[in-house]
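**Student:**
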Amino acid sequence: MTAVQEAQQQPHDAEHESTPEARLGRELAAGAFAGVTELDLANRGLASLPAALCTGLPGLTKLNMAGNALTTLPPEFERLTSLRTAFFLGNGFTTVPEVLGRLPALFMLSFKSCQLHDVPEASLAPSLGWLILTDNQLTALPASLGRLSHLRKLMLASNQLTTLPDMSGCVALELVRLSDNRLDAVPPGLLALPRLAWVALAGNHLQPRHRDAPLDLPPRLADTAAWPDVTLGRQLGDGASGTVYEAMHGQAQRAVAVKVYKPASSDGRVVDEVAAAIALAHEDTDQHPNLIQTHGFIQRDDAAPALVMELLDPAMELLGRTPSFASVTRDVYPARERAFPLRYVVAVARGVAAAVAHMHARGLIHGDVYAHNILVDAAELPSTTQSTAPPCWRVKLADLGAAFFFHSESNADSPDNAAAHLLKRVESRALGCLLEELIERCAAAEASQEASTLAALCRLRDACLDYNVGQRPEASELVVALDKLIF
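UniProt numbering puts the first residue of the sequence shown at 1, with every later residue one more than the last.
1) Would L319 and L375 qualify as a contact pair, given that the criterion is a beta-carbon distance under 9 Å?
2) Rounding to the nearest angstrom, what Cα-Cα distance links L400 and E310 in this structure?
3) Tell me which residue opens and which closes the beta strand (DSSP E) that A347 is part of.
4) Would you be able to state if there are at least three C-beta pairs under 8 Å between the stretch 77–87 and the stretch 51–64?
5) Given this structure, state the Cα-to-Cα distance separating F87 from L232, to the nearest angstrom.
6) Compare the beta carbon distance of L434 and A371 with 9 Å and say whether it is the shorter of the two.
7) At what residues does the beta strand (DSSP E) containing L39 begin and finish?
8) Using the C-alpha atoms, what's the distance from A197 back to D483?
9) Would you mind reading off the limits of the beta strand (DSSP E) that contains L232?
10) DSSP on C114, reduced to helix/strand/coil?
11) Among A475, S327, A444, D313, whose alpha-carbon lies nearest the alpha-carbon of R461?
12) What's the gap between the Cα of A419 and the Cα of F405?
13) Between which two residues does the beta strand (DSSP E) holding V274 run?
14) Pairing CB atoms from the stretch 139–155 with CB atoms from the stretch 322–340, are three or more of them under 8 Å?
15) With 16 as the cutoff for other CB atoms within 10 Å, does T37 come out buried or exposed?
16) What three-state label does DSSP hand A140 in the structure shown?
17) Enumerate in chain order the residues of its own chain whose CB-to-CB distance from residue 508 is below 8 Å, with the five nearest sequence positions on each side excluded.
18) Just to confirm, does H249 get its C-beta within under 8 Å of one of the non-hydrogen atoms of the ligand SAH?
19) Rounded to a whole number of angstroms, what is the C-alpha to C-alpha distance between L438 and V345?
20) What's the call for F487, buried or exposed, on a 16-neighbour Cβ count within 10 Å?
21) Can you name, in chain order, every residue of its own chain whose Cβ lies under 6 Å from the Cβ of F77, other than the five neighbours on each side?
22) With a CB to CB cut of under 6 Å and the five nearest residues on each side skipped, what residues in its chain are close to V119?
23) So which of G268, G25, D466 has the shortest CA-CA distance to D135?
24) For the beta strand (DSSP E) holding R254, just list the boundary residues, first then last.
25) Going by the DSSP bridge assignment, what does M316 pair with across the sheet?
26) Among the candidates V176, F93, F111, whose CA atom is the shortest distance from the CA of G146?
27) Determine, using beta carbons only, whether G92 and L70 come nearer to each other than 9 Å.
28) Is it buried or exposed, H205, if we count other Cβ atoms within 10 angstroms and call 16 or more buried?
29) Please name the residue or residues paired with N64 in a DSSP beta bridge.
30) Quick check on the DSSP output: what are the complete beta strand (DSSP E) runs of length 3 or more inside the stretch 115–191, in order along the chain?
31) According to the Cβ coordinates, are V256 and M248 closer than 9 Å?
32) Only counting the same chain, and skipping five residues up and downstream in sequence, which positions put a Cβ closer than 6 Å to that of A481?
33) When you compare the CB positions of L280 and H358, do they come within less than 9 Å of one another, or not?
34) Excluding the 5 residues flanking V469 on each side, which residues of the same chain have their C-beta closer than 6 Å to its C-beta?
35) Work out the CA separation of P341 and R330 for me, nearest whole Å.
36) The alpha helix (DSSP H) spanning G59 covers which residue range?
Shown next as structure tokens:
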């Protein structure tokens, strides 16, 4: 090689040595990740993975590759036999690599916000328990999806699905998100799954509200709010679909809460959540006391909309926290010095069931009945100096991000009626899960009346958790039964 050729080659070699892949290769060669079980390589600009990553980390259980430029995985990826969690959010994949289907321990897999058009039959590991395919361009899914017997959580919102494969083999499935797709009917068999408790279907072609229908504002909300009339204060909370602020509204400077929506949500479209809130605000009189009341709606031309709601007493706090990676679908509760008194458990359950029954009567499924969406009065929670709690009716079921409309007809044999019958009872299982969690944290019965009440509450829990979906009580029936237990 001449001196001139060497001079020309050096910049090329230097450029190659500075690529993200080259830098990662040097780290691997230097043993920088030796012995690690969790590895975060997010936002590194990686367009490919070196084989050494797969062959040199046999104990790797969690890998985060979010925000890179990957479109494929090397064949050596199958050597990661201990890998349990893999995140590929925001990469350039158009198809799920089949090598992932050969990982024996893979439990959680995320391809959220990639460019997926295809999920091959062999790409889904039988061990999967949590699959996230949100925000892609999928029009169909493989039959192998319906054979994932360990799958508990399935996120499919914001795709272009018109149907699902036979899901009867997904006997462990508890939560599914199907909002913002192209479904024109509830997928057959889905609602009969024995453990399904949380489902979201908004923004599809289901009746009675088409995904492209305009918002039907009631007169009392149509002109109640404009963005210049709102002064935002401190942040009260932040969720998947938006951020809630304390605010002052209008010339009267009324204290309110304002939810400013985010451009996108893992549960579905903003417009569907707003439509649900507005539908519940069509009441001529006060809205249901166990739901957050809507006071106004703000449509902004240059940004996501906002909802003006009642401002709750500062003493109101969330009953639980969102599920963890370990609990998957079940809420996490903060540690408490004392257990919940039985009468408190009955009152909270009754308030939530009443809110759900109210929604069902108006053609709405909540879709996310969880303790982390329930606000209770902290002043009424038991403290170290209380052995009992007063009857509590300050209970609010919040967050309509997964809510959707369902359709029923006078013809009892119609497909819509059959789906409505099951949809309401799928949500009854969510109420049963809540009862189960509250009972687990309930103080031991100390009197005969309490023992009898606790036994009755356990029977209601079991009825709501019945694997035969059609045999579960509706929320309205649960309210009647809980009313009899209040003491």
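For glycine and all other residues, C-beta sits at the position ideal for the given N, C-alpha and C.
**Tutor:** Looking at the atomic coordinates:
1) Closer than 9 Å, so yes.
2) Going from the Cα of L400 to the Cα of E310 covers about 15 Å.
3) Segment 342–361 is the alpha helix (DSSP H) holding A347; no beta strand (DSSP E) there.
4) The stretch 51–64 and the stretch 77–87 touch, with no fewer than 3 CB-CB distances between them shorter than 8 Å.
5) In this structure, the straight-line span from the alpha carbon of F87 to that of L232 is close to 35 Å.
6) Contact flag set, yes.
7) For L39, the uninterrupted beta strand (DSSP E) segment begins and ends at 38–40.
8) C-alpha of D483 to C-alpha of A197: approximately 23 Å in a straight line.
9) Per DSSP, the unbroken beta strand (DSSP E) holding L232 starts and ends at 230–238.
10) C114 falls in the coil class under three-state DSSP.
11) Closest option to R461, Cα to Cα, is A475.
12) Roughly 12 Å separates the two Cα atoms.
13) It is not in any beta strand (DSSP E) - V274 instead sits in the alpha helix (DSSP H) that spans 270–280.
14) The way I'd put it, the stretch 139–155 does touch the stretch 322–340; three or more beta-carbon pairs between them come closer than 8 Å.
15) T37 should be labelled exposed.
16) A140 falls in the coil class under three-state DSSP.
17) Residue 508 falls outside the range modelled here, since the chain spans only 1 to 487, and no answer is possible.
18) With respect to the ligand SAH, the structure offers nothing, as it holds no ligand at all.
19) If you take the alpha carbons of L438 and V345, they lie about 6 Å apart.
20) Burial is judged here by how many other beta carbons sit within 10 angstroms of a residue's own beta carbon; F487 has fewer than 16 and is exposed.
21) Result list for F77: C54, V99, in chain order.
22) Within the same chain, V119 has close Cβ partners V96, L141, P142.
23) Of the listed residues, the one whose Cα sits closest to D135 is G268.
24) Boundaries of the beta strand (DSSP E) harbouring R254: 254–261, taken from the DSSP string.
25) Beta-bridge pairing by DSSP links M316 to D377.
26) For G146, the nearest C-alpha among the options comes from V176.
27) Against a cut-off of 9 Å, the Cβ pair of L70 and G92 comes out as a contact.
28) Taking a 10 Å sphere around the C-beta of H205, we find fewer than 16 other C-beta atoms and assign the residue as exposed.
29) Answer by DSSP bridge pairing, in chain order: D40, F87.
30) Here the runs fully enclosed are 130–132, 153–155, 175–177.
31) Contact flag set, yes.
32) If we look at A481 and ignore the five residues flanking it on each side, its Cβ neighbours are L460.
33) In this structure, H358 lies closer than 9 Å to L280 by Cβ.
34) Excluding residues within five positions, the ones whose Cβ falls inside 6 Å are A192, L422, R425.
35) Counting only the Cα atoms, P341 lies some 22 Å from R330.
36) Boundaries for G59: no alpha helix (DSSP H) harbours it, and the DSSP string shows neither H nor E there.
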